Amino acid sequence: MKIEELKNRNFAEDMLGRTLSKIYKIGPVKSTDYEILSYISIFHPDLIEQHIDDINLYLGLFYKEIITPKSLQGCIQKMFLECIAEHFGKAYTPVQTSILNNSEEKRIFSFSAPTSTGKSHVLFSIIENSDRDVVVIVPSRALINEYYLRLCEEIHDKSINILTFVDKINTAKCRRSIFVLTPERCKDLFRLKDQFSIDVILFDEAQLTDEKGKRGLYFDAIVRRCNRELPDSKIIFAHPFVTNPEAQISKNLLPTEQSISKVYDQRNVGQIFVCEKPDGSFSYFGSDTNVFSVKQVACNYDPIESCIKDNGSVLFYVSKNSIITNAYLNAFSKYIMLCSEIEDPELIEIIEELSDFTGGGTVAYMNYYSQMLALLKRGIVIHHGSLPLRARMLVEKFTRKHFCRICFATSTLEQGINMPFDIVYIDRLESQKYLAVKNLIGRAGRSSKDRKIDYGTVIIASTKVAKLRKLLTQTITLNMQSQLDDNERLDDDYNDFKDAILHETFSDQFNLTQNQIIKLSDNALNEILRCILDKFFNHIDEKGNINLSKEDRKIVVNSFHQFYSNYLGRELQLGEKAILTTAFYIMIWRIQGRTFSTICHSRYAFLSRESERSKLDRLGQSTDQILARFTQKYAELPNNNLCSPISLFPRGLKAKDVDYDIITYDTYDYLDKLIGLYLSDIFYAAFIKYNERYPDDRAIKMANLIKYGTYNTKYIWMLRYGMSFEDIELLKDYIESIDERGIVVTQEFANLPQKVKGCIDRFI
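With the first letter of the sequence shown counted as 1, position 675 gets the number 675 in UniProt numbering; the numbers rise by one all the way through.
Shown next as structure tokens:
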């Protein structure tokens, strides 16, 4: 069939009848059927309008407004809808109904469904309707934010704790808890399991099981521990697109008699496909050459331009390097120019909140200018893995509020984050990431309750059409064998981790293997750790500020280098030393209670030689001769290949051209990925073990400084209730008392703005 033929009304009417007949018999399981319906809705909207109630009923979209079906089959489907609504109290789709039934039928349920089938809606219903504790395990902290915000919006009962960590808090009011965790945060679940009554454990985006390296290993280990240590809890696995969800059951040795699996191919939203040619023109093409002719059909307008002008939204899937180097600004300048500033109080409020957090400004050529914030004023969003979590949460809120016209994003959007767009433009196509690309394609099109066909548009360069077609027909399967059970041996660190998981010697207390803990208990470290304690605690004033002299700073930095070298059992490379040095200074700032914005300001002022430039500016002199200072770019540790330091900025960059956004991204990477997820575990364990050998209150304080960023008991409790250092700075004077039972606030707390007190509203 040629797409061109669908422009003929008689042919389109015939295809509509045949397509609906097929859908009625087998369900909306073929993406090409939705594609045909989408084209008919473009070329003949009145034809779709005549049959829209029957179409939506055939598709099983029971949540849409249905007025009067015109066919017998439509009437039968409406009866089905009414039965579901009567039984569940909601107009679930057949897929959602099946998910609910299967999750009740067996203790373990593993299923797969495409993006935009409404699976998240039904999973939220399971979470909300449970009368005991629920654990949700997701692959990323970005997805934690998504779940957390939505749960807080939908569940208003303050007797339900909604937490992104496992802790026994708010005990005076709490009757049950919902925990939203990454696998790495599950360690406390097993340590505290006897204090909770876990009803359901939900693994969302469970394809993480196949991620190579430690994360895939750890995921399977968590699954096995949940089955072994929480035998009365239900376990649900949710995946997009995989054809064998039963693999979770077999590979993790789960009891088959208690398990069920199901593949759902139905979808609620369709996609059409458009290619952009070298001359800038566009053409429609069919996704599957077994259904559609290879011949393309001219699209006589620019769909991206049209979408933006109609207040739609476009996602451009680009590389992180394109974002960091600002190459995307030139590549897509035509569309960026279409976006004028938006005047809306709510939009301005979100940008102001972002500005408060990052410290960036929106006035060009001024210090701390943030292009990310300036673009937001025009409805243009940047989204990638080094965007700080709080900033990511705010830009996702910005998008959900429909302020987003254009989003430039990397594959960080692929893991279930609910940010749909009218158009997805794929600027890069990586065959090794076909699940990521399929997930991003699933972002094209918004599910709505309107009486219409919901579809989105996917656009790609004409040279990549064949590759995309191949990717779309590629089946995605999970490995049937866990990495825990294969014989693959990689580096020593991986092998040690794998052995610890297999032999159940991995420490939940320290998040380390026994071999790592033994290294950290080595007496050879005693003098190094004592030196660090002496220097730190001889220079801390009453406010907790650390006032190390330049000489003492060098000694402490060198001590950290020695410590890490002993831990690794080898000499450090120069690049590794540079990373540790930068991490040390950022960690000191955090210990001093500095917020993220003030840390970024301090780095910017130093690297851009702000004071030197200001002096020349006041004299009316040029600052072009002043070059940016060097700082080591974030990189993972350990890395024996980092023979020399790597600059965050190009050599010879003018100081006035230092990019504030790049500093915020790099600072977040240091704080979160290096200090938070790696170094803090090592240093925390080292000082705890030191205290066991040589009882020293300073070691406990130091351990808390590393783990929490403070040893102030009140602040630690505030952190345990989910507050950030930014929140602590704003709320510390309004909290009278705080402990495991709850929070008591002052009378003045009620007068605070909602955005300030919102983070603890559930506990008050």
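The beta-carbon is built from N, C-alpha and C at its ideal position, and this holds for glycine as well. Source: prediction; values computed, not measured.
Asked	Found
When you compare only the Cα positions, how much space is there between residue 611 and residue 699?	38 Å
Between the alpha carbons of residue 533 and residue 600, how many angstroms are there, rounded?	27 Å
Find the nearest neighbour of residue 744 within the set 717, 755, 726, judged by alpha-carbon distance.	717
Over what stretch of residues does the beta strand (DSSP E) that includes residue 383 continue unbroken?	380-383
For the alpha helix (DSSP H) holding residue 315, just list the boundary residues, first then last.	Careful: residue 315 lies outside any alpha helix (DSSP H), inside the beta strand (DSSP E) at 314-317.
For residue 245 and residue 353, I'd like the C-alpha separation in whole angstroms.	41 Å
With distances taken Cα to Cα, identify the nearest neighbour of residue 137 among 206, 188, 198.	206
By DSSP, does residue 75 sit in helix, in strand, or in coil?	helix
Which one or two residues does DSSP pair with residue 654 in a beta bridge?	627
Return no unless some Cβ of chain D is closer than 7 Å to the Cβ of residue 199.	Checking the listed chains, one finds no chain D in this structure; it contains a single protein chain.
Spell out a yes or no on whether the segment 613-629 and the segment 551-559 are touching, meaning 3 or more CB-CB pairs, one atom from each, closer than 8 Å.	no
How about residue 379 and residue 339: are their beta carbons less than 7 Å apart?	yes
Below 8 Å, can you find three or more Cβ-Cβ pairs linking the segment 177-190 to the segment 128-142?	yes
Since I believe residue 240 is in contact with residue 439 (beta carbons under 8 Å), could you give me their beta-carbon distance rounded to a whole number of angstroms?	6 Å
Which whole-angstrom value is the C-beta distance of residue 276 and residue 462, which I expect to be below 8 Å?	6 Å
Please list, in chain order, all residues of the same chain as residue 683 whose beta carbon is under 6 Å from its beta carbon, the five residues on each side excluded.	706
Can you tell me whether residue 239 is helix, strand or coil according to DSSP?	strand
Run through DSSP, which three-state label would residue 765 get?	An answer regarding residue 765 cannot be provided, because it is not within the stretch 1 to 764 covered by the chain.
Grab the span of the alpha helix (DSSP H) containing residue 779 for me, first residue to last.	Because the chain in this structure spans residues 1 to 764, residue 779 falls outside the shown range and cannot be described.
Expressed to the nearest angstrom, what Euclidean distance is found between the alpha-carbon atoms of residue 732 and residue 168?	21 Å
Based on DSSP bridge pairs, tell me the residues matched to residue 770.	This structure cannot speak to residue 770, because the chain is shown only from 1 to 764.
Can you list, in chain order, the residues of its chain whose CB lies under 6 Å from that of residue 376, leaving out five sequence neighbours each side?	351
For residue 222 and residue 228, what's the separation of their Cα atoms in angstroms?	10 Å
Figure out for me which residue from 189, 187, 159, 190 has the closest Cα to the Cα of residue 175.	159
Between residue 190 and residue 677, what straight-line distance do the alpha-carbon atoms span, to the nearest angstrom?	19 Å
Take residue 328 and list the residues in its own chain whose beta-carbon comes closer than 6 Å to its own, dropping the five residues that flank it on each side.	318, 322, 408
At what residues does the alpha helix (DSSP H) containing residue 397 begin and finish?	389-400
In whole angstroms, what separates the C-alpha of residue 441 from that of residue 419?	12 Å
Where does the unbroken beta strand (DSSP E) through residue 670 begin, and where does it stop?	Note, residue 670: premise wrong, no beta strand (DSSP E); not H, not E.
Alpha carbon to alpha carbon, how far is residue 194 from residue 596?	36 Å
Report back the beta-carbon spacing between residue 460 and residue 471 to the nearest angstrom; my notes put them in contact at under 8 Å.	That pair is no contact at about 10 Å.
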